[in-house]
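In what follows, a single structure is set out as structure tokens and then discussed.
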Amino acid sequence: MIVRIADQAGFCFGVKRALELIHGLRNEGRDIQVLGELIHNQSVLSDLTRKGVACIHDRSEADLGKTLVIRTHGIPADEEEKLRKEGFQLLDATCPLVKKTHCIIERFEKDGIPVVIVGDRNHPEIIAASSYATNPVIVNSLEEAQAVAAMPVMGVVAQTTLDLDFFREIEAVLAERADHLEVHNTVCEATRERQEAVRRLAPQVDCVVVVGGHNSSNTKKLVHIARRHNHRTIHINGSEDLDKPELRRLMRDCRIVGIAAGASTPPEEIERVRHYLCEFSPEMETRLDIDQRRMQNG
Numbered sequence: 040m041i042v043r044i045a046d047q048a049g050f051c052f053g054v055k056r057a058l059e060l061i062h063g064l065r066n067e068g069r070d071i072q073v074l075g076e077l078i079h080n081q082s083v084l085s086d087l088t089r090k091g092v093a094c095i096h097d098r099s100e101a102d103l104g105k106t107l108v109i110r111t112h113g114i115p116a117d118e119e120e121k122l123r124k125e126g127f128q129l130l131d132a133t134c135p136l137v138k139k140t141h142c143i144i145e146r147f148e149k150d151g152i153p154v155v156i157v158g159d160r161n162h163p164e165i166i167a168a169s170s171y172a173t174n175p176v177i178v179n180s181l182e183e184a185q186a187v188a189a190m191p192v193m194g195v196v197a198q199t200t201l202d203l204d205f206f207r208e209i210e211a212v213l214a215e216r217a218d219h220l221e222v223h224n225t226v227c228e229a230t231r232e233r234q235e236a237v238r239r240l241a242p243q244v245d246c247v248v249v250v251g252g253h254n255s256s257n258t259k260k261l262v263h264i265a266r267r268h269n270h271r272t273i274h275i276n277g278s279e280d281l282d283k284p285e286l287r288r289l290m291r292d293c294r295i296v297g298i299a300a301g302a303s304t305p306p307e308e309i310e311r312v313r314h315y316l317c318e319f320s321p322e323m324e325t326r327l328d329i330d331q332r333r334m335q336n337g
């Protein structure tokens, strides 16, 4: 089996920075809590838990005696202000590129420019970003963009993990809804690089394995892009999914397999998947099926 890894895969700058900040606190002997999931990768979160870094999902669970880390996606501005007023010691691990989007939205708000945010309204990044404008319009489809009320001027930003081609399609629609459109393409460079790498890789291989959390926005975009160019694409969380029957079925007739990975996927996870795929053979696949049936039969 020949395995090719996309030339851009795995941890991005924002994820590396957040983990380095946490490891720095641990080295100082500080007690740490993270408000929400630091990143969308379960293996990384489990590793942090094993190291004593607690993940909480509501500020009511927060302990004043511990350093409270803000997730990479950011939190709503009013929530951060309340935490500071309540005396929490905060460490802001929000990705600097996400913070840049917040600053752009604040500038639009100050200048009286209506704000349109392109992205998933239920994603933590967009929930946080939308708090920096009074009445932002959030769109996540061409139909929603076409329904935006016409206005003289409009300021547009994007979720950092958006599919760049999709953002351009939305931009074209919004351009017809405003006399003047001020667009800031806030899709981050790491997202663009990983998407372009998948576009190059997918047509050159027999099948594509995308590694990353199923709740990871940037990973799901990679899956979508890979499937546009190669219908034989599968999305796995990580090495724990390597024994899935659907993965083994996909691999049966493959001579060259490509690996892509989301921006929250650790390098060691990519390596474990690569090693497994390099060792894969039809004989191995048959043996795994036999072993699985034996386990099911007791």
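In our numbering, the protein residues as written are 40 to 337. Heads up, the beta-carbon is just placed ideally off N, CA and C, and yes, glycines get one too.
In terms of Cα proximity to residue 164, the closest of 294, 273, 207 and 109 is 109. In the structure shown, residue 72 falls within a strand segment according to DSSP collapsed to helix, strand and coil. Taken atom to atom, the span from the alpha-carbon of residue 255 to that of residue 55 is near 16 Å. Taken in chain order, the unbroken stretches of beta strand (DSSP E) that lie wholly in the region 274-320 and span 3 residues or more are 295-300. If you check the CB distance, residue 48 and residue 233 come in under 8 Å.
Per DSSP, the unbroken alpha helix (DSSP H) holding residue 263 starts and ends at 256-268. Excluding its 5 nearest sequence neighbours in each direction, residue 184 has C-beta neighbours in its own chain below 6 Å: 178, 209, 212 and 213, listed in chain order. Counting along the chain, the unbroken beta strand (DSSP E) around residue 107 starts and ends at 106-109. Here residue 173 carries a coil assignment [DSSP, helix/strand/coil]. Looking at the DSSP output, residue 43 bridges to 297.
Under the three-state reduction of DSSP, residue 125 is assigned to coil, being neither helix nor strand. Nearest neighbour of residue 128 by Cα position, chosen from 137, 258, 104 and 285, turns out to be 104.
Segment contact: the region 85-103 against the region 139-149, fewer than three CB-CB distances shorter than 8 Å; contact not assigned. Going by DSSP, residue 142 is part of the alpha helix (DSSP H) stretching over 135-149. Residue 289 is a Cβ neighbour of residue 271, given a cutoff of 8 Å.
For residue 113, the secondary structure class from DSSP, reduced to helix, strand or coil, is coil. Inside the region 198-243, DSSP marks whole alpha helix (DSSP H) runs of 4 or more residues at positions 203-214 and 228-240, from first to last along the chain. Pairing residue 269 with residue 247, the inter-Cα distance amounts to about 7 Å. At a Cβ-Cβ threshold of 8 Å, residue 81 and residue 301 do not count as neighbours. By the CB criterion at 8 Å, residue 111 and residue 156 fall outside the cutoff. In this structure residue 243 is exposed. Its beta-carbon is surrounded by fewer than 16 other beta-carbon atoms within 10 angstroms.
Our two residues, residue 167 and residue 41, have alpha carbons roughly 42 Å apart in a direct line. Using a 10 angstroms sphere on the CB of residue 317, the tally of other CB atoms stays under 16, which defines it as exposed.
Per DSSP, reduced to three states, the secondary structure at residue 187 is coil, with no helix or strand assignment. Restricting attention to 136, 100 and 85, the CA atom closest to the CA of residue 225 is found in 136. In this structure, residue 51 sits near residue 229, with a CB-CB distance shorter than 8 Å. About 11 Å separates the beta carbon of residue 236 from that of residue 249, a gap too long to meet the 8 Å contact definition.
Residues 195 and 210 of the same chain have their beta carbon placed closer than 6 Å to that of residue 222, with the five preceding and five following residues left out of the count. For residue 101, no alpha helix (DSSP H) encloses it, and the DSSP letter there is neither H nor E.
If the five residues before and after residue 319 are omitted, its C-beta is found closer than 7 Å to the C-beta atoms of 40 and 290, all from its own chain and listed in chain order.
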